[in-house]
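A.B. asks: One structure, pasted below without further comment.
In this note's numbering, the protein residues as written are 25 to 276.
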């Protein structure tokens, strides 16, 4: 049975303030919860219906609380609860400026929508990109909507929060820094490397001025056909998928 204090604790994790205070976050659904349990992220507590607790006893979890469907609704952030809610400890990640020298990474400059961030993490996971550097103004990766949108990719992708202009400025000059701009060079005609960092910008304003001046390779995703009136821009997660796909296609 759920206590009032536990219900209050779980519901409070919708707010960044309480996630930071407790160092916890919420994940829901069998696949997502199992992906996190199988990762190096520590499981603090599981709240689930009997159907979903059956296979958990052999796995590395914290306390398991069996509840009814009606009780689960009290701690779920979803319109249609998926039978299992997990509380997990947040990772403590330390960014390394050498990583972009060795492999391809992403950087996000003030991406605000939790769904966009979660989708970008999922895209990064698909294309084998293991490290994302977020500006301080980017939405919290442990926002419940972000966690759900990752579909488990949060278990495999490292997300760091940094003062992004300073981080980019600290990189070795030999490390390529890419960004997408409407006045950039056609990505399909530009030489692309298998290492470096790709900067993606805010949904409304794109890449900020401080970061823009540190980008040495400006890319354009061209619309088609040339000269046709089109939408003003692409959604940032859609643009990220196109860019990552083209980088990987070149380096297969």
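Ideal Cβ positions, reconstructed from N, Cα and C, are used throughout, including at glycine. Keep in mind the model is a prediction, meaning the values are calculated, not measured.
Express the C-alpha separation of residue 189 and residue 221 in angstroms, rounding to a whole number.
C.D. replies: Against the chain shown, residue 221 aligns to sequence position 197. Against the chain shown, residue 189 aligns to sequence position 165. The alpha-carbon atoms of residue 221 and residue 189 are separated by roughly 13 Å.
A.B. asks: Determine whether the beta carbon atoms of residue 186 and residue 163 lie at a separation below 8 Å.
C.D. replies: Here residue 186 refers to the residue found at position 162 of the chain shown. Here residue 163 refers to the residue found at position 139 of the chain shown. Cβ distance not < 8 Å, so residue 186 and residue 163 don't count as in contact.
A.B. asks: Give the single residue among 45, 127, 75 whose Cα lies nearest to the Cα of residue 106.
C.D. replies: As a working mapping, residue 106 is identified with position 82 in the chain shown. Taking only the C-alpha atoms, the option nearest residue 106 is 75.
A.B. asks: Note down the Cα distance separating residue 290 from residue 240, rounded to an integer number of angstroms.
C.D. replies: A question about residue 290 goes unanswered here, because the residues of the chain that appear run from 25 up to 276.
A.B. asks: Considering residue 260, what are the terminal residues of the alpha helix (DSSP H) in which it resides?
C.D. replies: By 1-based counting over the chain shown, the position of residue 260 is 236. Its alpha helix (DSSP H) spans residues 260-274.
A.B. asks: Expressed to the nearest angstrom, what Euclidean distance is found between the alpha-carbon atoms of residue 297 and residue 184?
C.D. replies: This structure does not reach residue 297, given that the chain is present from 25 up to 276, and the question cannot be answered.
A.B. asks: Just to confirm before moving on: does the CB-CB distance between residue 133 and residue 159 stay below 8 Å?
C.D. replies: By 1-based counting over the chain shown, the position of residue 133 is 109. By 1-based counting over the chain shown, the position of residue 159 is 135. A contact, by the Cβ cut-off of 8 Å.
A.B. asks: Of the choices 103, 109, 94, whose alpha-carbon is the least far from that of residue 67?
C.D. replies: As a working mapping, residue 67 is identified with position 43 in the chain shown. Residue 109 is the option with its Cα nearest to residue 67.
A.B. asks: Measure the alpha-carbon distance for residue 99 versus residue 265 and round it to whole angstroms.
C.D. replies: Stepping through the chain shown from its first residue, residue 99 is reached at position 75. Stepping through the chain shown from its first residue, residue 265 is reached at position 241. Roughly 33 Å between the two C-alpha positions.
A.B. asks: Taking its Cβ as the centre, do 16 or more other Cβ atoms sit within 10 Å of residue 64, making it buried, or is it exposed?
C.D. replies: Counting from one through the chain shown, the residue named residue 64 turns up at place 40. Looking at its Cβ environment, which holds fewer than 16 other Cβ atoms inside 10 Å, residue 64 is exposed.
A.B. asks: Please look up how many angstroms separate the CB atoms of residue 112 and residue 168, rounded, as I've assumed it's under 8 Å.
C.D. replies: Along the chain shown, read from residue 1 onward, the residue named residue 112 stands at position 88. Along the chain shown, read from residue 1 onward, the residue named residue 168 stands at position 144. So it is not a contact: roughly 12 Å between Cβ atoms.
A.B. asks: Within 8 Å, do at least three Cβ pairs link the region 141-155 to the region 170-180?
C.D. replies: Short answer: they touch.
A.B. asks: Which same chain residues, not among the five before or five after residue 199, have their C-beta less than 8 Å away from its C-beta?
C.D. replies: On the chain shown, position 175 is the one that residue 199 refers to. Taken in chain order, the residues that qualify are 124, 125, 219, 220, 221.
A.B. asks: Among the residues of its own chain, which have a CB less than 6 Å from the CB of residue 40, if the five just before and after it don't count?
C.D. replies: As a first step, residue 40 must be located in the chain shown, where it is residue number 16. So the qualifying residues of the chain are 164.
A.B. asks: Start and end of the alpha helix (DSSP H) containing residue 207?
C.D. replies: The residue given as residue 207 occupies position 183 in the chain shown. No alpha helix (DSSP H) holds residue 207; the beta strand (DSSP E) holding it covers 201-210.
A.B. asks: In three-state terms, what does DSSP make of residue 188?
C.D. replies: Looking up residue 188 in the chain shown gives position 164. Of the three classes helix, strand and coil, the one that applies to residue 188 here is helix, per DSSP.
A.B. asks: What's the C-alpha gap between residue 60 and residue 242?
C.D. replies: Residue mapping note: residue 60 aligns to position 36 of the chain shown, counting from 1. Residue mapping note: residue 242 aligns to position 218 of the chain shown, counting from 1. Using only the alpha carbons, I get a separation of about 36 Å.
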